[in-house]
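With my numbering, letter number 250 in the sequence shown gets 908, and the count goes up by one each step, no holes.
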Amino acid sequence: MSGGIPHAEALAAWRARMPAPARALALPVPELLDCFHPDHRPGAIVPLRVGASAGLPCRVELAALLQSDSLVEDVDIAGAPLLDADVLVIGGGGAGCVAALTAARAGARVILATKLRLGDSNTVMAEGGIQAAIGDEDSLQRHFEDTLRAGHFMADKALVAALASDGPGVIRWLIQEGMSFDLAEGSERMGGSLLRRKPGGATAARLLSYRDFTGLEMMRALREAVLLQPGITLLDRHPALELLTDDRGRCAGAALHDLAQGRTVLARAGATVLATGGAGRLHIAGFPTSNHYGATADGVVLAYRLGAALREVDSFQYHPTGIAWPPHMEGQLVSESARASGAALVNGLGERFVDELSTRDVVAAAILREIAEGRGILRGDRAGVFLDTPGLEREKPGILGRSLTTLAHLAQRAGFDAAAEPFLIHPTLHYQNGGVAIDPDGWSGVPGLLCAGEVTGGLHGRNRMMGNALLELVAFGRRAGHAAATDARVERPRNIGLNHLADWRRALIAQDLPLTLKAPMIFPPYGNFNMATERGKAA
């Protein structure tokens, strides 16, 4: 923690300088990111030494898992119960639910395997909203260009085009599935028009939301649809340990671990969709995280071991407004809806120091700069800056109780009134920008294996735009589910097993990499869960 201004002194400066005066960013954006964004810290990145993307820069924490041995041996799957389906979907968050629904409605027999319970995912934690170009002044082209610009022009244009073009249809589909959205004030008499706001980095108001818990509302609708949909067999608490292959090298399903029974279960399928989410629980760069308990990069690890290529695995997103105080709530998210509504970021001198609606990487780096250069705010052993929610409430009376209800509840849990005292915030690890390289239908390049959602790379480039994650999981969940159902009709697995692991282990040995490190992690190490112990219990 760098030097800074004590909390009481910073509060006095904030009160004395309301509204906060603005100070120029001073540094050009590339220099700001190079100097202060966590991805650019010395020693943070190493090249991968094995696999389809050998040589690719990768975060050191993730590289260790990507270059590890399997949790599973042939003996572990011998005699294991065998389940059969047309499509196996791994992951019970938004992308997995959408893929399972789409495949089942296309006539496929679907197994949906979740690590925790259905809906336990990063989807429910997405508060800000979902983007879609539905306004008269907006266009698909503007959404496309905004997304490319936010990702520093490193994204796959075909994926971005698919995302933007699917946007309006995704919103119609979600409404048909029973999801609610906020309506513009005064529009109820005309049947209601959707309330739109301008997200950070956008040139138009295209952010749609339901209060400040949009992801939770989306997951409610999707979960209900899955539970009512014929043709889906749900396997709660069945994390994937390893993907299966057949004698042609085609993905043929997965070895799952039944947490309730403590045993391995094989799920054989003509096509497999990985929708396992991100990597926040790796606590990359030592940051707290907004991610759910199961976000441990499992899908990226399993797909890479099977031969899938990766991209941008050196790039992670740190959400600017994670809670810094009190310590027991560290890392929990204060929705970007607050900044989209007008809440300012203020340093210990009572100054605004960045355009709050710049892209997330710029805002996060600017906050870290204030702290590093001594203008941050110190409270106990935590450092941060203020999110001026009282100023927002003064400008828009009633907004905290009407639209930002989750924010108000967070403040209540933290022991203060958000209308009277600002949040102390600090960037929190939020999103995995890179992952498995896919085409617009979700194909990974490995026959039989598709991916959707945060496990994938290519869509966001080196920075994700607010609201594109919820759109991505529906757009590409639908695309992957449809493609999987179509493919499974003509391709059936045969002679399934762990055929790919022998070559993988030889590659590790050739690079002097240990076979003692096992992955996927399944749960973070502080979760008191050890797969070797679990297998021992079963034996």
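A virtual CB, placed ideally from N, CA and C, is assigned to each residue, including glycine.
Inset, instruction - Work out the CA separation of A682 and G1073 for me, nearest whole Å. - result: Distance between the alpha carbons of G1073 and A682: 33 Å.
Inset, instruction - Using a threshold of 7 Å, state whether the C-beta atoms of P1048 and A1077 are closer than that. - result: yes
Legend entry - Limits of the unbroken beta strand (DSSP E) element including A898: 898-903
Inset, instruction - Pull up the distance between the alpha-carbon of P677 and that of L1128, whole angstroms please. - result: 33 Å
Inset, instruction - Tell whether a beta-carbon distance below 7 Å holds between A753 and L914. - result: no
Legend entry - Extent of the continuous alpha helix (DSSP H) to which E702 belongs: Residue identity check: residue 702 is Ala in the sequence provided, not Glu. Here A702 belongs to no alpha helix (DSSP H), and DSSP marks it neither H nor E.
Inset, instruction - Just the C-alpha distance for A1110 and F974, rounded to the nearest angstrom, thanks. - result: A1110 and F974 have their C-alpha atoms some 18 Å from each other.
Inset, instruction - Note down, in chain order, each residue of its chain lying with its Cβ closer than 7 Å to the Cβ of H698, except the 5 sequence neighbours on either side. - result: L691, D692
Inset, instruction - For the alpha helix (DSSP H) holding D692, just list the boundary residues, first then last. - result: 687-694
Legend entry - Beta-ladder partner(s) of I1025, from DSSP: Paired residue(s): none; I1025 is not in a bridge.
Inset, instruction - Work out the CA separation of H1158 and T903 for me, nearest whole Å. - result: C-alpha separation (whole angstroms): 7 Å.
Inset, instruction - Say whether the segment 875-886 touches the segment 1031-1043, bearing in mind that this needs 3 or more beta-carbon pairs closer than 8 Å, one atom from each stretch. - result: Result no; under three Cβ-Cβ pairs closer than 8 Å.
Inset, instruction - Buried or exposed for Y962, please, with buried defined as at least 16 other CB atoms from any protein chain shown within 10 angstroms of its CB. - result: buried
Inset, instruction - Figure out for me which residue from A680, E719, S728 has the closest Cα to the Cα of R1164. - result: S728
Inset, instruction - May I have a chain-ordered list of the alpha helix (DSSP H) segments no shorter than 4 residues that lie completely inside the segment 725-772? - result: The segment 725-772 contains these whole alpha helix (DSSP H) runs: 732-735, 752-763.
Legend entry - Neighbourhood of M987 by C-beta, 8 Å cutoff - its chain only, sequence neighbours within 5 removed: Result list for M987: I981, L1068, R1071, A1072, in chain order.
Inset, instruction - Would you tell me roughly how many angstroms separate the C-alpha atoms of G1124 and P739, rounded to the nearest one? - result: The displayed chain sequence assigns Met, not Gly, to residue 1124. Rounded to whole angstroms, M1124 to P739 spans 43 Å at the Cα level.
Inset, instruction - Starting from V959, follow the alpha helix (DSSP H) in both directions and report where the run begins and ends. - result: First-last of the alpha helix (DSSP H) with V959: 956-964.
Inset, instruction - Specify whether the segment 1142-1160 and the segment 828-839 touch according to this definition: at least 3 beta carbon pairs, one from each stretch, less than 8 Å apart. - result: no
Inset, instruction - Could you name the residues of the same chain whose beta carbon sits closer than 8 Å to that of V992, not counting the 5 residues immediately before and after it, in chain order? - result: T979, G980, I981, L1045, L1065, L1068, F1081, I1083
Legend entry - Coil, strand or helix - A1197 by DSSP: Residue placement at A1197 is flagged as unreliable, the pLDDT there being 45, under the threshold of 50; the coordinate-derived value follows with that caveat. It is coil, neither helix nor strand.
Inset, instruction - Go ahead and label G827 buried or exposed: buried means 16 or more other beta carbons lie within 10 angstroms of its beta carbon, across all protein chains shown. - result: exposed
Legend entry - Beta-ladder partner(s) of P715, from DSSP: P705
Legend entry - Boundaries of the alpha helix (DSSP H) in which T1174 is found, first to last residue: Unbroken run through T1174: none, as it is neither H nor E.
Legend entry - Segments assigned alpha helix (DSSP H), at least 4 residues, entirely inside the segment 1006-1074: 1018-1030, 1047-1053, 1057-1060, 1063-1072
Inset, instruction - Below 6 Å CB to CB, which residues in the same chain sit around G965 once its five sequence neighbours on both sides are set aside? - result: Only A710, V1104 meet the Cβ criterion.
Inset, instruction - For H1084, name the three-state secondary structure that DSSP assigns. - result: strand
Inset, instruction - Within its chain, find whatever has a CB closer than 6 Å to the CB of A668; leave out the 5 residues flanking it on each side and keep chain order. - result: G1006, I1035
Inset, instruction - Would you identify the three-state DSSP class for G1155, choosing helix, strand or coil? - result: strand
Legend entry - Reference G825, options V1012, S1061, A1133, closest by Cα: A1133
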